[in-house]
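What follows is one structure encoded as structure tokens, with my remarks underneath.
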Amino acid sequence: MSPRIALLSFLAAVLAAQERPSLIDGDPFDCFRMSGAPAATQLIVDIEGMPFARAWRIRTEREAANPWDIRTRCFATRPASRGDVVVATFWMRTVSAGSGYTTFVVEKGREPYTKSVEWTVSAGSSWKRIQIPFTIAETYTGTGAEPYNLSFWVTHQLQEIEIGGLTVENYGHGVAFGDLGLAGWPYEGHEPDAPWRAEAARRIDEYRKSDLTVAVRDSDGRALAGVPVRVRMKRHAFGFGTAVAGQALMDMSENGRRYRETLQQNFNKTVLENDLKWPFWETWARGSAAFALDWLPANGLPDVRGHNIIWPGRANLPADVVRLLSDPERLRTRIYDHIREVVEYARGKVTEWDVINEPYSNKDVQAVLGEEEMAVWFRKAREIDPDAKLYVNDYNIVEAGGFDLRHQNGYYRIIRLLLDNGAALDGIGIQGHFNTNVTPPERVWEIYDRFAEFGKDLQITEFDINTADEALQARYTRDFLTASFAHPAITGFMIWGFWEGRHWKPAAAMFRRDWSIKPNGEAW
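Under the numbering used here, residues 2 to 525 are what the sequence shown spells out, in order.
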């Protein structure tokens, strides 16, 4: 055993031996109560042959509109401080057919319902031990002025599951997740010899490589043997891309120079992060968009995604469009005019468009005009720019451990609806905004396989992993990128920003503010 492994084992043993306070004040079976009845029932049942004697048996009997509509919840919580490291441990199994699902949540008890953790897990008919590490997001006084609660959401499918052996232990500050000795941490398939790695290498060899034959002849045309040949790839067929900020490209300071230089050195594809979004396009972003759309192709980056034409939730629409939600005909005309204006402007400069962004959870416009109207937006965009590839884009398809079935199923249904209604759909965008609840590579493949059934290009459009654990961040960047690169339907992989000074989640960046590269940047 190496000295480092021995030290980690010792630390894990020390941590395991310490008494740790629970976040639950009293017996968990006294405080968890079901909400959402009669859509679900909760019983306490006796259990034999396990490290615990009782469990909750929860039966979900009907579907609900929101994932939090059916949940069992505990408000008897003890004080906790921002930054405390906590581990929730429980056992789970399904007593119905197939796999069962639950989402463990710790959140503030009032608006804005800040969540310290929202972690979905799955288990089959055998008991499965679940361990979830997380960090408390805010300081709470328990049941006092700053209350918070713990819950299990069960609005995933019609199912019957059992949950037992629950502990929620507070380790305090300064403990790394990797030092907790958690089984299987940080995800299934992280091991160097995990079987999926050999399969990924085989697929990459098949799908991402081809043979190159070089014939070397002298000036008289005679073939020469044994002559050294050097080959340098000029451009990769696969898109390794990033979101960029138009204003950062325009910045003439030293940071602006480094931003442009790092972009050119590490990526062959880009997407404008905000400059083409409808509300920004019509207010402040036209100048930065114009600069970016000229600068990028002139500097070796001609492959530019447009993001996005319509993000159909009221929070992501111009104010005057929100007011038109009560006037369907004027709303329809306003949308058509916007599609014409922005697509005509970017024609020949944008190679791909996210025509619709996040339609599963952003559907205020569809509620007025009907879901079939989304297909019209694709047809309008195709008429204006026949050469640009047109995408739909959504989140929580591969995130959340790969178990957000409601979102996956809803997105699948939307894509089917688009195609059935004649949408000019070329590609399916799959975001990838992760926290520590990452998705095992083999589960990623299962999800890709499902959406590849449509026969359209798939693309990872918005990847990042927002965690202070830089080792996990680098490891999962490597493995998620490898798994994606190994799947034949994936045509590109976009990260959502690269520099800490211009990143919506600074901890997720690949380059620090001083431009030093982080481990996840090295992995990339």
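Cβ atoms here follow ideal geometry from the backbone N, Cα and C, with glycine treated the same way.
Straight-line Cα distance separating residue j from residue i
{"i": "P441", "j": "W497", "result": "21 Å"}
{"i": "A38", "j": "T140", "result": "31 Å"}
{"i": "D28", "j": "A195", "result": "39 Å"}
{"i": "E170", "j": "F281", "result": "45 Å"}
{"i": "G403", "j": "I448", "result": "8 Å"}
{"i": "L183", "j": "W285", "result": "48 Å"}
{"i": "R287", "j": "A347", "result": "11 Å"}
{"i": "A201", "j": "A487", "result": "5 Å"}
{"i": "F435", "j": "A389", "result": "29 Å"}
{"i": "P1", "j": "L302", "result": "Because residue 1 is not part of the residues shown, which for the chain are 2 to 525, the question remains open."}
{"i": "L277", "j": "G433", "result": "21 Å"}
{"i": "E147", "j": "L24", "result": "14 Å"}
{"i": "M375", "j": "S82", "result": "46 Å"}
{"i": "R335", "j": "V369", "result": "14 Å"}
{"i": "D395", "j": "G423", "result": "20 Å"}
{"i": "S517", "j": "T462", "result": "25 Å"}
{"i": "R233", "j": "L406", "result": "44 Å"}
{"i": "A54", "j": "W525", "result": "47 Å"}
{"i": "D419", "j": "D338", "result": "Here residue 419 is Leu; the residue named in the question, Asp, does not match the sequence. Approximately 21 Å, taken between the alpha carbons."}
{"i": "R198", "j": "I416", "result": "31 Å"}
{"i": "K235", "j": "Q160", "result": "53 Å"}
{"i": "T156", "j": "E64", "result": "7 Å"}
{"i": "A510", "j": "Q248", "result": "18 Å"}
{"i": "E353", "j": "I385", "result": "13 Å"}
{"i": "A484", "j": "H308", "result": "25 Å"}
Candidates the options, of which the one nearest residue i by Cα
{"i": "N358", "options": "R348, P313 and T121", "result": "P313"}
{"i": "G166", "options": "M51, V272 and Q158", "result": "M51"}
{"i": "I429", "options": "Y208, A453 and D421", "result": "A453"}
{"i": "S492", "options": "W285, R233, E64 and R306", "result": "In the sequence as presented, Ser is not what sits at residue 492; that position holds Thr. T492 has its Cα closest to that of R306, out of W285, R233, E64 and R306."}
{"i": "T136", "options": "S100, W128, G175 and R341", "result": "G175"}
{"i": "G371", "options": "P329, E345, K350 and N438", "result": "P329"}
{"i": "D470", "options": "H237, P22 and A177", "result": "A177"}
{"i": "V351", "options": "W120, R233, L297 and L159", "result": "L297"}
{"i": "S100", "options": "P80, S127 and H339", "result": "S127"}
{"i": "E255", "options": "P520, I518 and R514", "result": "R514"}
{"i": "I71", "options": "R94, A41, D465 and D480", "result": "A41"}
{"i": "F455", "options": "D421, R479, E443 and Q474", "result": "D421"}
{"i": "H504", "options": "A472, K116, I466 and Y208", "result": "I466"}
{"i": "W186", "options": "I131, G222, Q158 and H237", "result": "I131"}
{"i": "S289", "options": "R315, I431 and A246", "result": "A246"}
{"i": "V86", "options": "G173, A490 and I48", "result": "G173"}
{"i": "G125", "options": "S117, H408, R94 and E112", "result": "R94"}
{"i": "P22", "options": "Q248, P520, T168 and H408", "result": "T168"}
{"i": "L332", "options": "E345, V343 and L318", "result": "L318"}
{"i": "D304", "options": "E342, H237 and R261", "result": "H237"}
{"i": "Q409", "options": "F379, T437, S362 and V377", "result": "S362"}
Backbone secondary structure at residue i - three-state DSSP
{"i": "H308", "result": "strand"}
{"i": "P489", "result": "coil"}
{"i": "A89", "result": "strand"}
{"i": "D162", "result": "One point to set straight first is that residue 162 is Ile, not Asp, in the sequence displayed. Residue state, collapsed to three classes: strand."}
{"i": "V15", "result": "With a pLDDT of 47 at V15, under the threshold of 50, the modelled position of that residue is not reliable, and the figure given next carries that caveat. Helix at V15."}
{"i": "L406", "result": "helix"}
{"i": "D515", "result": "coil"}
{"i": "I431", "result": "strand"}
{"i": "P329", "result": "helix"}
{"i": "N358", "result": "strand"}
{"i": "R60", "result": "strand"}
{"i": "W500", "result": "strand"}
{"i": "S117", "result": "strand"}
{"i": "I385", "result": "helix"}
{"i": "P196", "result": "helix"}
{"i": "E536", "result": "Nothing about residue 536 can be read from this structure; the chain reaches only from 2 to 525."}
{"i": "D465", "result": "strand"}
{"i": "A560", "result": "Outside the modelled stretch of the chain, which goes from 2 to 525, sits residue 560, for which no answer is possible."}
{"i": "P39", "result": "coil"}
{"i": "G522", "result": "helix"}
Cβ separation of residue i and residue j, assumed to be a contact under 8 Å, to the nearest whole Å
{"i": "T103", "j": "V122", "result": "6 Å"}
{"i": "Y477", "j": "V439", "result": "5 Å"}
{"i": "R218", "j": "A226", "result": "That pair is no contact at about 11 Å."}
{"i": "F494", "j": "F268", "result": "Not quite, the Cβ-Cβ distance comes to about 10 Å (not below 8 Å), so this is no contact."}
{"i": "P92", "j": "T263", "result": "First, the residue type needs correcting, since residue 92 is Trp and not Pro in the sequence shown. In fact, because the Cβ distance is near 47 Å, the residues do not count as touching under 8 Å."}
{"i": "D365", "j": "L326", "result": "6 Å"}
{"i": "R34", "j": "R74", "result": "6 Å"}
Interface flag, residue i vs chain D, CB-CB below 8 Å
{"i": "Q248", "result": "Going by chain labels, chain D is absent from the structure shown, which holds only one protein chain."}
Any non-hydrogen atom of the ligand FMN within 7 Å of residue i CB
{"i": "V245", "result": "The ligand content of the structure shown is nil, which means the ligand FMN is not present either."}
Report task. Evaluate the contact criterion for the segment 292–308 versus the segment 271–280: three or more CB pairs, one atom per stretch, below 8 Å. Result -> yes
Query raised in the report: Is it a yes or a no for the segment 149–167 touching the segment 59–69, going by three-plus beta-carbon pairs under 8 Å?
Result: yes
Requested in this report: Decide yes or no for the touch test of the segment 151–160 against the segment 93–111: beta carbon pairs closer than 8 Å, at least 3 of them.
Outcome: yes
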